[in-house]
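Student: Quick one: the structure is below, questions incoming.
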Amino acid sequence: MATVELDRLVKRYGQTTVVHGIDLSIRDGEFVVLVGPSGCGKSTTLRMIAGLEEISGGEIRIGGRVVNDLQPRERNIAMVFQNYAIYPHMSVADNIAFGLYRSKLSKSEKRQRVEQAAETLGLSQLLDRRPSALSGGQRQRVAIGRAMVRDPAAFLFDEPLSNLDAQLRTQMRIEIKRLHHRLGTTSVFVTHDQVEAMTMADRIVVMRDGRILQVGTPLELYENPVDIFTARFIGSPTMNLLPASVREGGADLTLGGSVQVPPAAATSADILIGARPQDLVPSSPDVPGLTVSGTVAVVETLGSETLVHIESAGQTIIGSAPGRQIPQIGEQLTLHAPAERLYYFDTATEKALAAR
Amino acid sequence: MSAVSHREAASGGLWSRMSLGQKQVIWAWSFLAVPLVFYVVIRFWPTFQAFYLSTTDWTITKPAAFVGLENYWRLFEDPLFWQVFRNTFLYLILGTPISLLISFVVAYYLDRVRFMHSFIRALYFLPFLTTAAAMAWVWRWFYQPVPIGVINDLLSSLGVPQQPFLRSTTQALPAVLAPAVWAGLGFQIIIFLAGLRAIPVTYYEAARIDGLSEGAILRKITLPLLKPTLVFLVVFSSIGFLRIFDQVYNINTNDPGGPLNSTKPLVLMIYQTAFSSYEMGYAAAQTVVLFVILLVISLVQLRLMRDR
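Chains as they are written, first to last, in the numbering used here: chain A, 1192 to 1547; chain B, 26 to 333.
Structure representation (structure tokens):
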């Protein structure tokens, strides 16, 4: 177990820079998720930590030791890949034992370690099988087993759940999380799925275009996104953003109506007012806040809640209604969000205006 | 197909009363019939004809008479056959491993070369496109004595005595084998490269993280995962070396088969028996023996190298 520190880390391919000097400090035993759209540099960053990509600038320290020029095997890390990377010509036991290839343990100790890992992952019955006889979830568990047996300083996960179907993904998410609680090994997990990031992370690192936009706990990111990108990336469905122009004591929405704006958010002439669909509900506007009316265009029934897409002045706004209260398409509907649940962004800089 | 079925349906004929499954079967067989008939006429019928011929004494000047297995007894008592048999197996057991080893080493390193990769690959493939006759003549010229032969020129400039190559009973067979191996390399390299490319990169990355050395990666990951490619190439190149003919025939046109038949393979013996001596029945018996050898070796190889 160890800390992982990135110090002004840079990655260049020829002329193009894909990681622009990022800093990140991961505490011992922490589960950190790097999240962002494809091409944001999250996988490259992980591969630099693993030693699979050379570092163009800056420093990586694992457990306080600079590892820039160390081979992957000298870094004492273990990695789980998206396509599992388990060998089809070996049995499950041999695949797991591969993690101990360099270890000096005796044969019986190795076997014991493999059996222990298999037990933890519920693979004991499958040790003699070939990977081709396993399901996707079992294969990924074998890959995790291979990473586990070595007792590494850190686990690196490169989108390990992307090849699984939705149900299995949810299940594996919980299994990995539970495993982390039990082993307490420092983990870095890369994904493009914000739900995975929110549910698994101790801390989330949001990346875009090779830069870190924001680092924080899932709730910090949800409550206090620093810019429009993070605000839209975290939370599902995406946050509504309504353009408004600031005047004395408030702001006028371009689609009609006005909103009270706190003084801290009234520093720019053109702002975007954000409201999460979960906060925008059909209710009477008896408290100050955001009120929008429009025609119901689409209704998504989820059972626990109903997502309502309304159209107003050419803009689509997503709100939510209770599960059993399903509006009719074409119906006029008024949605309301209380003032304390609103977000404010500068239209020009896309930065958040007031910390809530 | 739909046009036909529409027309038939309109007339209410037999076709419209068939189920979809029956129609599919009829269509499938009518397409399969063309190659099937072609193969029966061009391949299977002559093959069975050869089996029959091998039991006759047909010599094209007199009509064929049934002689039973006499041709086979004659063959097994013929010292030339055993010489030829030995030569053919030498081509096989030298040619297959040597050519596969060289082509694997070239492919393994060429796979890592980015600089002019396609050009180098094309260069290796070029001999495969060249006709064996032209190639044999060039190599024949290589093997000439000083001052014509390039190889002997080089040897004498290094102070090594001249070698007889094609004129020697011991050196002739390897000298004929060399251009044959060289000519097949390009094809084998391409197949090996395709096999190497098909192995996912993450297997190697995972192995590097687990701490395997380059040698261990080759032994434990690359070679086992390359097994299907390897099986294909072993069988394919074995058949090629067992049927070697044009390389041998062209490199020694004035004396096909080399000094004292030291390079003569089975196919050349068949050719000479059939088209120099016109002993068609005897040649057919030799062909059947070659067929059986090819069949047995291919089956044994496939069985040995099958995934257990």
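Yeah, the Cβ is synthetic: ideal placement off N, Cα and C, and Gly gets one too.
Predicted model, so just to flag it, every value in this text is computed and none were measured.
Hey, could you find the ends of the alpha helix (DSSP H) B/Val-226 is sitting in?
Tutor: Where B/Val-226 is concerned, the enclosing alpha helix (DSSP H) stretches over 226-235.
Student: Would you say the segment 1360-1369 of chain A touches the segment 1392-1408 of chain A, given that touching needs at least three Cβ pairs under 8 Å?
Tutor: No, the segment 1360-1369 of chain A is not in contact with the segment 1392-1408 of chain A.
Student: With DSSP collapsed to three states, give me the class of A/Tyr-1278.
Tutor: Coil.
Student: Cβ closer than 7 Å: which chain A residues qualify as neighbours of B/Arg-328?
Tutor: Correct list: empty, because the minimum Cβ distance to chain A is about 18 Å.
Student: Quick check: is the beta carbon of A/Leu-1243 nearer than 9 Å to any beta carbon in chain B?
Tutor: It does; some Cβ of chain B falls within 9 Å.
Student: Name, going along the chain, the residues of the segment 243-266 of chain B whose beta-carbon falls closer than 7 Å to a beta-carbon of chain A.
Tutor: Cβ contacts with chain A: Ile-246, Pro-249, Leu-250.
Student: With respect to the alpha helix (DSSP H) encompassing A/Met-1430, which residues constitute its N-terminal and C-terminal limits?
Tutor: No alpha helix (DSSP H) contains A/Met-1430, which DSSP labels as neither H nor E.
Student: Fully enclosed by the segment 103-179 of chain B, which alpha helix (DSSP H) runs are 4 residues long or longer?
Tutor: You should have 104-135, 142-154, 157-167.
Student: Run through DSSP, which three-state label would A/Pro-1513 get?
Tutor: If DSSP states are grouped into helix, strand and coil, A/Pro-1513 belongs with the strands.
Student: For chain B, is any of its Cβ atoms less than 9 Å away from the one on A/Gln-1206?
Tutor: Cβ-Cβ to chain B under 9 Å: no for A/Gln-1206.
Student: Determine the contact status of A/Val-1381 and A/Glu-1350, defining contact as a CB-CB distance below 9 Å.
Tutor: Their beta carbons are under 9 Å apart, which means A/Val-1381 touches A/Glu-1350 by this criterion.
Student: Taking C-alpha atoms, which residue in B/Ile-176, B/Met-294, B/Ser-262 lies nearest to B/Asp-280?
Tutor: Closest option to B/Asp-280, Cα to Cα, is B/Met-294.
Student: If you draw a straight line from the alpha carbon of B/Asp-336 to that of B/Pro-122, how long is it in whole angstroms?
Tutor: Since the first residue shown for chain B is 26 and the last is 333, residue 336 of chain B is missing from the structure and cannot be characterised.
Student: On the CB-based measure, 16 or more other CB atoms within 10 Å of its CB, does B/Ser-263 come out buried or exposed?
Tutor: Buried: at least 16 other Cβ atoms inside 10 Å.
Student: Below 6 Å CB to CB, which residues in the same chain sit around A/Pro-1479 once its five sequence neighbours on both sides are set aside?
Tutor: Correct list, in chain order: Gln-1451, Ala-1530.
Student: Using a Cβ distance threshold of 8 Å, determine whether the segment 259-275 of chain B contacts the segment 232-246 of chain B, with at least three qualifying pairs required.
Tutor: Output reads no: the segment 232-246 of chain B does not touch the segment 259-275 of chain B.
Student: When the Cα of A/Thr-1492 is compared with those of A/Gln-1519, A/Thr-1507, A/Ser-1475, which residue comes out closest?
Tutor: The shortest C-alpha separation from A/Thr-1492 is found at A/Gln-1519.
Student: With 9 Å set as the bound, which would you pick, yes or no: does the beta-carbon of B/Met-26 sit closer than that to a beta-carbon of chain A?
Tutor: Note that B/Met-26 scores 45 on pLDDT, short of 50, meaning its location in the model is unreliable; the coordinates nonetheless yield the value given after this. So, not an interface residue.
Student: Taking the CB atoms as reference points, tell me whether B/Thr-288 and B/Leu-198 lie closer together than 9 Å.
Tutor: Yes, Cβ-Cβ distance for B/Thr-288 and B/Leu-198 is below 9 Å.
Student: Could you tell me whether the Cβ of B/Arg-137 comes closer than 9 Å to any Cβ of chain A?
Tutor: For B/Arg-137, the answer is no, since every Cβ of chain A falls outside 9 Å of its Cβ.
Student: Please name the residues in the segment 1249-1266 of chain A whose beta-carbon is closer than 7 Å to at least one beta-carbon of chain B, in chain order.
Tutor: Those would be Pro-1263, Arg-1264, in chain order.
Student: Mind listing the chain B neighbours of A/Ala-1276? Cutoff is C-beta to C-beta under 8 Å, in chain order.
Tutor: Those within 8 Å of A/Ala-1276 in chain B are Pro-225, Thr-227, Tyr-228, Glu-230, Ala-231.
Student: Measuring only between beta-carbons, confirm whether B/Leu-221 sits less than 9 Å from chain A.
Tutor: Cβ-Cβ to chain A under 9 Å: no for B/Leu-221.
Student: Just the Cα atoms here: how many angstroms apart are A/Arg-1373 and A/Ile-1509?
Tutor: Taking the straight line from one Cα to the other gives about 40 Å.
Student: Does any C-beta atom of chain A lie closer than 9 Å to the C-beta of B/Asp-235?
Tutor: At least one chain A Cβ lies under 9 Å of B/Asp-235.
Student: Run through DSSP, which three-state label would B/Ser-41 get?
Tutor: Residue state, collapsed to three classes: helix.
Student: Locate the beta strand (DSSP E) running through A/Leu-1444, then write down its first and last residues.
Tutor: 1441-1444 is the extent of the beta strand (DSSP E) around A/Leu-1444.
Student: Look at the Cβ atom of B/Gly-227, then the Cβ atom of A/Asn-1274, and state whether they are nearer than 9 Å.
Tutor: The residue asked about is misnamed: residue 227 of chain B is Thr in this sequence, not Gly. Cβ distance < 9 Å, so B/Thr-227 and A/Asn-1274 count as in contact.
Student: Taking Cβ-Cβ distances shorter than 9 Å, what residues in chain B pair up with A/Phe-1289?
Tutor: Neighbours of A/Phe-1289 on chain B, chain order: Ala-231, Ala-232, Asp-235, Leu-237, Lys-245.
Student: Measuring straight from C-alpha to C-alpha, what distance separates A/Val-1283 and A/Leu-1296?
Tutor: Cα to Cα, A/Val-1283 sits roughly 19 Å from A/Leu-1296.
Student: Once DSSP output is grouped into helix, strand and coil, what is the label at A/Tyr-1535?
Tutor: Note: A/Tyr-1535 maps to strand in three-state DSSP.
Student: Output the boundary residues of the alpha helix (DSSP H) element that contains A/Ile-1395.
Tutor: Premise fails: A/Ile-1395 lies in the beta strand (DSSP E), 1394-1399, not in any alpha helix (DSSP H).
Student: Do you know offhand how far B/Leu-327's Cα is from B/Val-256's?
Tutor: C-alpha separation (whole angstroms): 7 Å.
Student: Report yes or no: do three or more beta-carbon pairs, one from the segment 1460-1475 of chain A and one from the segment 1426-1442 of chain A, lie closer than 8 Å?
Tutor: Verdict: yes, contact present.
Student: To the nearest angstrom, how far is the alpha carbon of B/Leu-258 from that of A/Val-1340?
Tutor: For B/Leu-258 and A/Val-1340, the distance between alpha carbons rounds to 38 Å.
Student: For chain A, find out if any of its Cβ atoms is closer than 9 Å to the Cβ of B/Ala-90; answer yes or no.
Tutor: Cβ-Cβ to chain A under 9 Å: no for B/Ala-90.
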